[in-house]
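K.L.:
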Amino acid sequence: MAARILIVDDASFMRMMIKDILTKNGYDVVGEAHDGEQAVEKYKELSPDLVTMDITMPEKDGIAALKDIRAIDPNAKVIMCSAMGQQAMVIDAIQAGAKDFIVKPFQADRVIDAIQKTLGA
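The numbering used here puts the first residue of the sequence shown at 957, with every later residue one more than the last.
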């Protein structure tokens, strides 16, 4: 069965890009969210196998949303995405429980590699 993935990014074209990569590689995109608040709600509603989460978003950023999701489900698998490959943000995300980190612009093979590793495929 295909892994069920929730995509979280405030930019619709970024969600579209990652959705395209995922669906072409046989993953099931079960939902999309445009900010951290919506990400937490969708996670509760959909119980996806994995979440791709942008760090910089309005309302609630990706790290705050990651912490909320991990409070609901300590086993949640979340991969952070950001255009800012800053060391401090990567460390914050990993400490908050992120499983991996993908830098934008997305490279399809890197995205798939991170997802396969995180899902233990």
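Just so it is clear, CB atoms sit at the ideal spot from N, CA and C, and this is done for glycine as well.
Could you compute how far the alpha carbon of Val1059 sits from the alpha carbon of Ser1038?
P.N.:
Within the sequence shown, residue 1059 is the residue found at index 103, counting from 1. Within the sequence shown, residue 1038 is the residue found at index 82, counting from 1. Taking the straight line from one Cα to the other gives about 5 Å.
K.L.:
For Lys1055, which residues from the same chain have a beta carbon less than 7 Å from its beta carbon, with the 5 sequence-adjacent residues on both sides left out?
P.N.:
Your numbering for residue 1055 matches position 99 in the sequence shown. The answer, listed in chain order, is Lys1033, Val1034, Ile1035 and Thr1074.
K.L.:
Given that a residue counts as buried once 16 or more other Cβ atoms are within 10 Å of its Cβ, and exposed if not, what is Gly1018?
P.N.:
As a working mapping, residue 1018 is identified with position 62 in the sequence shown. Buried is the call here.
K.L.:
How close, in whole Å, do the beta carbons of Ala1064 and Ile977 come, if the pair is a contact with beta carbons under 8 Å?
P.N.:
Translated into the one-based positions of the sequence shown, residue 1064 becomes position 108. Translated into the one-based positions of the sequence shown, residue 977 becomes position 21. So it is a contact: roughly 5 Å between Cβ atoms.
K.L.:
Any chance the CB of Asp1048 is under 7 Å from a heavy atom of the ligand ZN?
P.N.:
For the ligand ZN, the structure offers nothing, since it holds no ligand at all.
K.L.:
Quick one: residues in its chain with C-beta nearer than 8 Å to the C-beta of Ile1011, no 5 flanking neighbours on either side, listed in chain order?
P.N.:
The residue given as residue 1011 occupies position 55 in the sequence shown. If we look at Ile1011 and ignore the five residues flanking it on each side, its Cβ neighbours are Asp1017, Gly1018, Ile1019, Met1036, Cys1037, Ser1038, Met1040, Met1045 and Ala1049.
K.L.:
Taking the straight line between their C-alpha atoms, what separation do you get for Thr979 and Gln1043?
P.N.:
The sequence position of residue 979 within the sequence shown is 23, counting from 1. The sequence position of residue 1043 within the sequence shown is 87, counting from 1. Approximately 30 Å between the Cα atoms of the pair.
K.L.:
Would you report the Cα separation of Leu1002 and Val996, rounded to the nearest angstrom?
P.N.:
Walking along the sequence shown from the start, residue 1002 turns up at place 46. Walking along the sequence shown from the start, residue 996 turns up at place 40. Roughly 10 Å between the two C-alpha positions.
K.L.:
From this set, Pro1004, Phe969 and Pro1061, which residue's C-alpha is nearest Val1111's C-alpha?
P.N.:
The requested residue 1111 does not occur in the structure, where the chain is confined to residues 957 to 1077.
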